[in-house]
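First up is the structure itself, then whatever we jot down about it.
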Amino acid sequence: MLLWALPTPPHRSPPLRGTNSGAFTRRTIAARWPRIAGRVIAENDFPDPINARIQALRDALPDGSIRRLRDDEAPDAALWGEYVAPHLGKTWLEVPWFFGETYFYRRLLEATGYFRAGAGRQADPFTDQKEQGLAHTEARIEALAQRRSRARDEGDETRSVLTRLLRSALWGNQADLSMWTADEEGPGHRHPEQAEEHLLVDDTPAALAQLEGRDRPARVDVWADNAGFELVSDLALVDGLLAAEAVGQVTVHLKAHPTFVSDATVDDVHATLATLADADEAAVRALVGRLRGALAAGRLRLRDGWVWTSPLRARELPAPVRAEMARSDLLISKGDANYRRLLGDRQWAFTTPFAEASAPLPVPVLALRTHKSEVAAGLSAAQVDRLDDEEPDWAVNGEWGVMQFAPADASPEAMRPSPAA
Numbered sequence: 000m001l002l003w004a005l006p007t008p009p010h011r012s013p014p015l016r017g018t019n020s021g022a023f024t025r026r027t028i029a030a031r032w033p034r035i036a037g038r039v040i041a042e043n044d045f046p047d048p049i050n051a052r053i054q055a056l057r058d059a060l061p062d063g064s065i066r067r068l069r070d071d072e073a074p075d076a077a078l079w080g081e082y083v084a085p086h087l088g089k090t091w092l093e094v095p096w097f098f099g100e101t102y103f104y105r106r107l108l109e110a111t112g113y114f115r116a117g118a119g120r121q122a123d124p125f126t127d128q129k130e131q132g133l134a135h136t137e138a139r140i141e142a143l144a145q146r147r148s149r150a151r152d153e154g155d156e157t158r159s160v161l162t163r164l165l166r167s168a169l170w171g172n173q174a175d176l177s178m179w180t181a182d183e184e185g186p187g188h189r190h191p192e193q194a195e196e197h198l199l200v201d202d203t204p205a206a207l208a209q210l211e212g213r214d215r216p217a218r219v220d221v222w223a224d225n226a227g228f229e230l231v232s233d234l235a236l237v238d239g240l241l242a243a244e245a246v247g248q249v250t251v252h253l254k255a256h257p258t259f260v261s262d263a264t265v266d267d268v269h270a271t272l273a274t275l276a277d278a279d280e281a282a283v284r285a286l287v288g289r290l291r292g293a294l295a296a297g298r299l300r301l302r303d304g305w306v307w308t309s310p311l312r313a314r315e316l317p318a319p320v321r322a323e324m325a326r327s328d329l330l331i332s333k334g335d336a337n338y339r340r341l342l343g344d345r346q347w348a349f350t351t352p353f354a355e356a357s358a359p360l361p362v363p364v365l366a367l368r369t370h371k372s373e374v375a376a377g378l379s380a381a382q383v384d385r386l387d388d389e390e391p392d393w394a395v396n397g398e399w400g401v402m403q404f405a406p407a408d409a410s411p412e413a414m415r416p417s418p419a420a
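Just so you know, we're using numbering that gives the first Met the number 0 here: the sequence shown kicks off at 0 and counts up by one.
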């Protein structure tokens, strides 16, 4: 396991790249992305010209050159023209990993014709995996909904219930179809005690304190991650937040188009609710009813935007996005990719304080993340030494998690985007 041990000034830690970071990053570019492209061909009934374009993308990895997108009619074409410009002609291994990964999934949509008239228009190339991911976790979904029903029946909408829901949302992030297919056995814990042992940081009390003692109901924002069971665990958390007296509204931010295989879109939320509405278990149907009621009442809002499928790090988020974030009382960031966005996907020393490594944002942030990449902060030297000795792949195997809090940054810089590095 590679520990970025040398201290680096804030904002200056280099981004991960396939050429100079750990073996996992290089393997993702050279092996995982081609495998994902191959699955798109195998799991869809696209015509030959689309499959040929996907295969050409697959063949270009990892040593092909970055080029401009060719679907100029797409709504985000101008934005991607700006994002790609600094990297033209570089190989996939040479560009920053976060840029390369978001660009790879956008290139997949270019290949399938997602934004063009034709067979691939608005067709989610990952639908098969998403549906399997939901179907294979039916028992876990029923158990989660039953726990929510018991809490409501007992009038137990307390801090302890929110703490348990946050834990469920954290470990729900172990389900990630870009890492393990729906029929593969992904990471998990054999018993609750192991989950506790694998929680490296728990800042839940500091985060929940942000919602208490206010003279008005709090607004909570959620940066969502994966569809499937993780999305259901997030929706159960939303249900619990809305049941708490301190919370008035929850806004869930989703992806504007399919990406990272299982990242959730607004359509995925509605499709998930439609599927669960037909469940045999009454508690599942009741959860769906409460969520749909919250949507109708405006207490639950679903929002998407091109910024969440962009390669922008959190320090680079545009001023309007930052201004909207500042209206929230707590931001809950879900998953590994959002965590990488917060930390700029940079090679911070793992012992760098989380509040220092994360972007200066005008909102308190609670990051719920299971470790699936070599980006981390906020750990102790003793933790890192022990993990490196006992489980060398701990930073990428999805078995270990953090719940890390950073207070709102009150400086003027928090409201202004930093220039891209």
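Glycine included, C-beta positions come from ideal geometry on N, C-alpha and C.
Which of helix, strand or coil DSSP assigns to residue i
| i | result |
| --- | --- |
| His-370 | coil |
| Ala-181 | Summary for Ala-181: the model assigns pLDDT 46, below 50, so the residue's position carries little reliability; its value from the coordinates is reported in the next sentence. Of the three classes helix, strand and coil, the one that applies to Ala-181 here is coil, per DSSP. |
| Val-401 | strand |
| Lys-129 | helix |
| Pro-74 | coil |
| Thr-264 | strand |
| Gly-312 | Strictly speaking, residue 312 in this sequence is Arg, with Gly absent from that position. It is coil, neither helix nor strand. |
| Met-0 | Because Met-0 sits at a pLDDT of 36, beneath the cut-off of 50, its placement in the model cannot be relied upon, and the following sentence gives the value as read from the coordinates. It is coil, neither helix nor strand. |
| Ser-64 | strand |
| Val-219 | strand |
| Arg-120 | coil |
| Pro-33 | helix |
| Arg-361 | One detail in the question is off: residue 361 reads as Pro in this sequence, not Arg. Residue state, collapsed to three classes: coil. |
| Glu-280 | coil |
| Gly-212 | coil |
| Val-395 | coil |
| Ala-84 | helix |
| Arg-147 | helix |
| Ala-325 | coil |
| Asn-50 | helix |
| Asp-44 | coil |
| Ala-376 | coil |
According to DSSP, residues forming a beta bridge with residue i
| i | result |
| --- | --- |
| Asp-337 | Asp is not the amino acid found at residue 337; the sequence shown has Asn there. Paired residues: none, contrary to the question. |
| Asn-19 | BP columns for Asn-19 are empty, so no partner. |
| His-269 | DSSP, once it has assigned bridges, lists no residue as partnering His-269. |
| Pro-14 | Arg-345 |
| Thr-90 | Ser-64 |
| Leu-199 | DSSP, once it has assigned bridges, lists no residue as partnering Leu-199. |
| His-252 | Trp-222 and Arg-302 |
| Ser-410 | For Ser-410, which the question treats as bridged, DSSP gives no partner whatsoever. |
| Ser-332 | Trp-222 and Ala-366 |
| Pro-95 | Arg-16 |
| Val-246 | Ala-217 |
Rounded straight-line distance, which links the Cα of residue j to that of residue i
| i | j | result |
| --- | --- | --- |
| Gly-132 | Arg-302 | 23 Å |
| Val-231 | Ile-65 | 36 Å |
| Met-414 | Ser-357 | 14 Å |
| Asn-337 | Trp-222 | 7 Å |
| Arg-146 | Ser-410 | 41 Å |
| Ser-159 | Val-249 | 19 Å |
| Ile-53 | Asp-70 | 14 Å |
| Val-219 | Asp-328 | 6 Å |
| Ala-150 | Gly-239 | 9 Å |
| Val-251 | Pro-13 | 31 Å |
| Glu-183 | Arg-215 | For Glu-183, the predicted structure reports a pLDDT of 47, less than 50, and the residue's modelled location is therefore unreliable. A value from the coordinates is still provided. For Glu-183 and Arg-215, the distance between alpha carbons rounds to 46 Å. |
| Gly-377 | Leu-342 | 11 Å |
| Ala-144 | Ser-372 | 31 Å |
| Thr-101 | Thr-308 | 7 Å |
| Asn-396 | His-370 | 7 Å |
| Glu-389 | Ala-295 | 50 Å |
| Arg-57 | Ala-110 | 11 Å |
| Arg-67 | Leu-253 | 25 Å |
From the options, residue whose alpha carbon lies closest to that of residue i
| i | options | result |
| --- | --- | --- |
| Arg-163 | Ser-417, Met-402, Pro-411 and Pro-418 | Met-402 |
| Leu-367 | Ser-332, Leu-378, Ser-327 and Gln-382 | Ser-332 |
| Asp-127 | Glu-137, His-86 and Val-39 | Val-39 |
| Lys-129 | Pro-411, Glu-229, Leu-107 and Val-246 | Glu-229 |
| Phe-98 | Glu-280, Ala-122 and Phe-259 | Phe-259 |
| Asp-62 | Val-83, Leu-68 and Gly-17 | Gly-17 |
| Ala-405 | Glu-355, Ala-375 and Glu-390 | Glu-355 |
| Ala-59 | Phe-45, Asp-75, Pro-74 and Ala-29 | Ala-29 |
| Leu-15 | Ala-375, Leu-286, Pro-418 and Asp-392 | Ala-375 |
| Gly-400 | His-252, Leu-198 and Thr-203 | Leu-198 |
| Asn-225 | Gly-117, Gly-171, Ala-270 and Arg-105 | Gly-171 |
| Ala-217 | Phe-45, Leu-299, Arg-106 and Thr-351 | Leu-299 |
| Ala-425 | Arg-213, Glu-141, Ala-263 and Gly-117 | Outside the modelled stretch of the chain, which goes from 0 to 420, sits residue 425, for which no answer is possible. |
| Ile-140 | Leu-386, Leu-234 and Ala-318 | Leu-234 |
| Ala-348 | Met-324, Arg-321 and Asp-384 | Asp-384 |
| Pro-95 | Gln-209, Thr-203, Pro-391 and Arg-25 | Arg-25 |
C-beta neighbour in chain C for residue i, strict 8 Å
| i | result |
| --- | --- |
| Trp-96 | Chain labels in this structure do not include chain C; a single protein chain is all it has. |
Check: residue i C-beta below 7 Å from any heavy atom of the ligand ADP
| i | result |
| --- | --- |
| Asp-202 | No copy of the ligand ADP appears in this structure; indeed no ligand is present at all. |
Three CB pairs or more closer than 8 Å across the stretch 346–365 and the stretch 75–95: By the Cβ criterion, the stretch 346–365 is not in contact with the stretch 75–95, since fewer than three pairs of Cβ atoms, one from each stretch, lie closer than 8 Å.
contact_flag[the stretch 309–327, the stretch 287–295] where n(CB pairs < 8 Å) is 3 or more: No, the stretch 309–327 does not touch the stretch 287–295.
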